[in-house]
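The next block holds one structure in the form of structure tokens; read it before the comments.
Chains as they are written, first to last, in our numbering: chain A, 1 to 215; chain B, 1 to 215.
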């Protein structure tokens with residue numbers, strides 16, 4: 001009994017996060033209130049406020065969980081084997097995490113404009129991601145897998161991060177729909193296509209086969 | 001006197017649009033109310049409602065003006081001279097229009113989710129833009145300016161439209177700021193960098209000079 005009581009607050013906290021994530025992903029965080037979350041969980045607003053003082057706190061904690069998923073992917077890639085397959089896998093794992101927390105990118109400007117802590121962390125993560133892509137490209141340029149200049153690498157890294165972040169929003173807008181396409185792989189395909197023309201012949205043929213198989 | 005009276009309503013309507021555009025660009029359309037607009041103009045809310053029944057109507061009319069600016073750029077490019085310089089100019093003109101109406105892209109998902117008419121028109125414009133890029137690339141591939149496959153053209157066209165639309169939002173987020181960078185040219189540079197590796201040698205050298213001069 002004592003154990004159950006000790007555990008309950010933690011469990012409620014986790015359930016608030018899980019429920020919020022589901023509601024945010026379904027409707028967009030700006031359209032979900034703490035009252036909606038409490039209602040969905042059949043708990044009182046007071047119980048929710050015991051754990052989180054407002055919605056921004058919930059968003060931030062979900063962001064921290066997302067960041068923890070993604071950061072290991074942004075470890076310094078130097079010295080590792082880096083071929084087309086590695087890049088394809090890396091993009092897929094990253095996009096799975098982005099898909100799981102897709103509400104973050106759905107209203108990124110709105111969410112970051114509301115909370116300076118979130119804004120600072122998001123910016124740091126984007127820059128870390130771009131730096132990883134730069135290191136990755138330099139490594140592939142040195143081994144001859146890519147033919148790309150230093151300036152091209154800089155522009156490419158930002159385009160990679162941008163398309164990764166905004167593909168779902170772009171895709172909804174071009175299809176005139178509010179629903180996400182149930183295909184996180186398509187974003188990875190679009191990002192990978194940025195690398196394609198820089199690959200030397202063998203790697204480019206390999207990429208072409210992967211792309212054809214995907215489509 | 002009679003002329004002045006006939007002209008006033010039209011002038012008020014135009015001023016509402018101009019004031020709304022300025023406020024939307026400065027603060028984001030979701031954060032501006034019709035009361036803010038009337039207040040900024042020193043007119044009564046009733047006067048504003050005489051011209052526009054709500055904010056969505058103002059947003060839609062501004063969008064229609066933006067669309068009229070951009071559509072001529074999406075005319076069928078076949079048969080025209082299409083070199084690196086033309087592409088660079090085309091991107092700059094497009095990005096100037098996007099910069100002038102930047103509130104549209106700042107909260108695109110939010111705005112299109114509120115208004116089906118806007119959603120349908122935005123989707124049509126994006127698809128028309130992507131089709132123009134596809135035609136443009138096919139033309140350059142035929143004349144030997146680009147070396148690119150049909151599949152690569154499709155992926156490139158979406159990446160072009162995506163980066164054009166979302167560069168300002170991405171740029172703010174990576175810099176952890178709420179302010180737009182006062183450099184619409186940078187978006188055009190990022191988009192042009194997508195074409196670079198597909199250009200055949202002479203065009204690529206030309207692009208490299210343009211890029212170096214820009215940076």
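Using N, Cα and C, we set each Cβ at its ideal position, and we do this for glycine too. Keep in mind it's a predicted model, so treat the numbers as computed, not measured.
Closer than 7 Å to the CB of residue 197 of chain B there is at least one CB belonging to chain A. Residues of chain A with a Cβ closer than 8 Å to the Cβ of residue 170 of chain B are, in chain order, 126, 158, 161, 162, 165, 166. Residue A:12 holds the alpha-carbon nearest to the alpha-carbon of residue 43 of chain A among A:12, A:131, A:171, A:28. Along the region 166–202 of chain A, the alpha helix (DSSP H) occurs as fully enclosed runs of 4 or more residues at 185–195, listed in sequence order. Residue 31 of chain A is classed as exposed because its beta carbon has fewer than 16 other beta carbons within 10 Å across all chains shown. Residue 134 of chain A is positioned such that its CB atom lies closer than 7 Å to that of residue 157 of chain A. Restricting attention to B:188, B:215, B:89, B:138, the CA atom closest to the CA of residue 76 of chain B is found in B:138.
7 Å or more divides the Cβ of residue 187 of chain B from the Cβ of residue 123 of chain A.
Spanning the alpha carbons of residue 146 of chain B and residue 104 of chain A requires a straight line of approximately 37 Å. Taking the Cα positions, residue 110 of chain A is about 43 Å away from residue 201 of chain A.
Taking the Cα positions, residue 83 of chain B is about 46 Å away from residue 24 of chain A.
Comparing C-alpha distances from residue 91 of chain A to each of A:38, A:116, A:193, A:26 shows the shortest one belongs to A:193. Beta-bridge pairing by DSSP links residue 146 of chain A to A:199. Here residue 132 of chain B is not near residue 66 of chain B, since their CB atoms are 7 Å or more apart. For residue 153 of chain B, the secondary structure class from DSSP, reduced to helix, strand or coil, is helix. The shortest C-alpha to C-alpha distance from residue 189 of chain A to any of A:178, A:168, A:173, A:174 is the one to A:168.
With a threshold of 7 Å between beta carbons, residue 181 of chain A makes no contact with chain B. Under the Cβ distance rule, residue 178 of chain A counts among the residues neighbouring chain B, one pair being separated by less than 7 Å.
Relative to the Cα of residue 99 of chain A, the nearest Cα in the group A:113, A:63, A:58 belongs to A:63. Closer than 7 Å to the CB of residue 70 of chain B there is not a single CB belonging to chain A. Straight-line measurement puts the Cα of residue 165 of chain A at about 10 Å from the Cα of residue 191 of chain A. Look at the region 92–111 of chain B: the residues with a C-beta under 9 Å from a C-beta of chain A are 106, 107, 108, 109, 110. Excluding residues up to 5 positions away in sequence, 82, 146 lie with their Cβ nearer than 6 Å to the Cβ of residue 140 of chain A in the same chain. Going by beta carbons, residue 59 of chain A and residue 26 of chain A fall outside the 7 Å limit.
In the structure shown, residue 32 of chain A falls within a coil segment according to DSSP collapsed to helix, strand and coil. Rounded to whole angstroms, residue 213 of chain A and residue 196 of chain B show a C-alpha spacing of 26 Å. DSSP, reduced to helix, strand and coil, places residue 107 of chain A outside both helices and strands of the structure shown, so it counts as coil.
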